[in-house]
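Each residue of the sequence shown is one higher than the one before, counting from 354 in our numbering. Just so you know, even glycine gets a beta-carbon here, dropped at the ideal spot from N, CA and C. Structure first, commentary second.
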Amino acid sequence: MGWFWGDSNDGDKDKSQDPLKNLDPSLREFLKKESPVKYDSTKSADTTVSSQTKTPELTSTSTTEDSTKPSVPSQSLYQDGRYAHLWKTYQPQAEVEQAAKSDAEKIQDVIDGYKYRKAEIGRAALENCALEQWDVNECFRSGGWQARLTMCREENRKLERCYTMQGKFLKALGYLSTYDRPPAVDEQIQMHADTLYHRMIDQEKQIEEAKAEGRPVPIFPPLISKSRPGQSDSAQENNKLKASDLSPKVQASFKKRLEGLNDDERLVEERAIQAEIEAGEQVAGQLGKIYEKQDEERRQRKEQGRETISDKFFSIFRGR
């Protein structure tokens with residue numbers, strides 16, 4: 354019966370480690386599939402242990418290689434470190450162009466950037482109101498005689514309100530910020546502004562239905578929080594310029610914008626006003642850095658005895 358039970362000289366040790374070792378291959382395959390107890394061969398166990406032992410060594414080796422590998426910028430086609438000595442003095446084209454610009458060009462870039470952000474708010478708001486624009490076009494194209502007689506006043510009113518509120522939501526969410534950011538962030542802000550606007554419209558509809566049916570008016574959470582996430586109220590009060598700190602003429606214009614608004618619209622308008630103030634602070638800060646650099650250069654020229662006529666005029670006009 355040795356042909357069935359295997360050779361007795363194999364030893365009890367091998368049998369205990371792999372009880373299916375000496376069985377017929379077809380029987381061994383059947384037992385592996387049907388038996389609730391899974392038997393692993395010694396070879397697979399040894400392979401697993403050895404692979405686990407080698408993994409830390411490989412990880413440490415790869416980490417050491419990464420640390421010793423010379424770094425290259427993302428513009429390089431060879432990220433493995435080749436030609437790293439040629440990339441040591443590399444400067445992106447944008448940095449080279451920025452360094453070559455004069456102070457007047459830098460000031461103009463700051464102003465143009467702010468104007469561009471304001472124009473982008475109008476474009477994004479109009480893009481979010483595509484459905485309202487479609488309703489206006491359909492009204493003029495195939496609307497009834499009463500709608501055409503009133504020049505589609507109802508549809509135009511919805512479009513105008515959508516455009517105005519979408520712009521306020523965009524400002525309140527930080528779309529007016531002049532800091533450079535990827536287009537994906539602008540798209541997320543635009544989508545969130547559209548979501549908040551339609552949520553506001555839905556809430557107003559539910560309130561009107563409740564009043565018409567004599568039910569209690571539902572109470573909804575604010576559309577926009579009064580304070581931005583990640584920043585405490587005390588920090589905001591210390592770091593932000595408030596509307597009360599502005600000139601009386603500007604304060605009067607802001608108060609006029611808040612007249613006749615409901616609670617949600619008033620909260621959005623207040624956040625939009627604060628966003629405009631913050632954007633103005635950003636522009637002023639960027640311009641201030643340029644002016645400080647100009648003053649430092651004039652001071653150095655004066656100390657070196659190379660003061661120009663324009664430097665003297667600036668000193669007279671600015672009282673320095």
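Residue 625 vs residue 470 beta-carbon contact at 9 Å:
No, the pair does not count as a contact, with Cβ atoms beyond the cut-off.
Determine, for residue 513, whether the minimum Cβ-Cβ distance to residues of chain D falls below 9 Å.
This model lacks chain D altogether; it includes just one protein chain.
How many angstroms separate the CA atom of residue 563 from the CA atom of residue 557?
Residue 563 and residue 557 have their C-alpha atoms spaced approximately 10 Å apart.
Alpha helix (DSSP H) segment containing residue 431, residue limits:
Where residue 431 is concerned, there is no enclosing alpha helix (DSSP H), given that its DSSP letter is neither H nor E.
Report the residue ranges of all alpha helix (DSSP H) runs contained in full by the segment 501 to 565; include only those spanning at least 4 residues, in chain order.
The segment 501 to 565 contains these whole alpha helix (DSSP H) runs: 506 to 525.
Coarse secondary structure for residue 612, derived from DSSP in three states
It is coil, neither helix nor strand.
Got a sec? Which residues, its chain only, sit under 6 Å from residue 520 by beta carbon, not counting five neighbours each side?
Excluding positions up to five away in sequence, the list reads 474, 478.
Cβ atoms of residue 577 and residue 621: under 9 Å apart, would you say?
A distance below 9 Å separates the beta carbons of residue 621 and residue 577.
C-beta atoms of residue 549 and residue 573 nearer than 9 Å:
For residue 549 and residue 573, no; Cβs fall outside 9 Å.
Exposed or buried, residue 485, counting other C-beta atoms within 10 Å across all chains shown (16 or more means buried)?
Here residue 485 is buried. Its C-beta has 16 or more other C-beta atoms within 10 Å.
Element boundaries [alpha helix (DSSP H), containing residue 484]
It spans 483 to 495 - the alpha helix (DSSP H) in which residue 484 sits, taken as one unbroken run.
Specify the secondary structure class of residue 440 as computed by DSSP and reduced to three states.
Residue 440 falls in the coil class under three-state DSSP.
With 16 other CB atoms within 10 Å as the buried threshold, where does residue 646 fall?
Taking every protein chain shown into account, the CB of residue 646 has fewer than 16 other CB atoms within 10 angstroms, so this residue is exposed.
8 Å contact criterion, which residue 553 and residue 617 should meet: CB distance rounded:
Sure, about 6 Å apart at Cβ, within 8 Å.
Is the segment 498 to 505 touching the segment 601 to 608 in the sense that three or more CB pairs, one from each, lie closer than 8 Å?
No, they do not touch.
Rounded C-alpha distance that separates residue 541 from residue 466:
If I take the Cα positions, the gap works out to 20 Å.
Roughly how many angstroms separate the alpha carbons of residue 555 and residue 575, rounded to a whole number?
Taking the CA atoms as reference points, residue 555 sits about 14 Å from residue 575.
If you check the beta carbons only, do residue 482 and residue 516 fall under 9 Å apart?
Between residue 482 and residue 516, the gap from beta carbon to beta carbon is short of 9 Å.
Look at the Cβ atom of residue 686, then the Cβ atom of residue 657, and state whether they are nearer than 9 Å.
In the structure displayed, the chain extends from 354 to 673; residue 686 sits before or after that span and is not available.
Buried versus exposed call for residue 443 [16 or more other C-beta atoms within 10 Å across all chains shown]:
Residue 443 should be labelled exposed.
Suppose the cutoff is 8 Å on Cβ atoms and the five residues either side in sequence are ignored; what does the same chain contact list for residue 512 look like?
The beta carbon of residue 512 sits closer than 8 Å to the beta carbons of 482, 485, 486, 488, 489 from its chain, once the five residues preceding and following it are set aside; these are given in chain order.
Backbone CA spacing between residue 614 and residue 459 [nearest angstrom]
If you take the alpha carbons of residue 614 and residue 459, they lie about 40 Å apart.
Quick check on DSSP: helix, strand or coil for residue 595?
Coil at residue 595, not helix or strand.
Below 9 Å between beta carbons: does that hold for residue 629 and residue 543?
No, the pair does not count as a contact, with Cβ atoms beyond the cut-off.
Leaving out five residues before and five after residue 365 in sequence, what residues of the same chain have Cβ atoms less than 6 Å from its Cβ?
Any reading at residue 365 needs caution, since the residue's pLDDT is 49, under 50, leaving its predicted position unreliable; the model's value is listed next. Sequence-distant Cβ neighbours of residue 365 in its own chain, meaning closer than 6 Å and more than five residues away, do not exist here.
Using only the alpha-carbon positions, how far apart do residue 559 and residue 598 sit?
Taking the straight line from one Cα to the other gives about 39 Å.
CB residue 449 to CB residue 435, shorter than 9 Å?
Taking 9 Å as the Cβ cut-off, residue 449 and residue 435 do not qualify as a contacting pair.
Compare the C-alpha of residue 525 against each of 547, 456, 652 and name the closest.
If you compare the alpha carbons of 547, 456, 652 with that of residue 525, the shortest gap goes to 547.
Which class does residue 660 belong to by DSSP, given the choice of helix, strand or coil?
DSSP places residue 660 in coil when its eight states are reduced to three.
Quick one: using the 10 Å Cβ neighbour count with 16 as the cut-off for buried, is residue 529 buried or exposed?
The residue in question, residue 529, is buried, as its Cβ has 16 or more Cβ neighbours within 10 Å.
Buried versus exposed, by CB contacts within 10 Å (16 or more), residue 568:
Residue 568 is exposed by the Cβ-count criterion.
Where residue 606 falls: helix, strand or coil (DSSP)
Helix.
Quick one: using the 10 Å Cβ neighbour count with 16 as the cut-off for buried, is residue 651 buried or exposed?
Label assigned to residue 651: buried.
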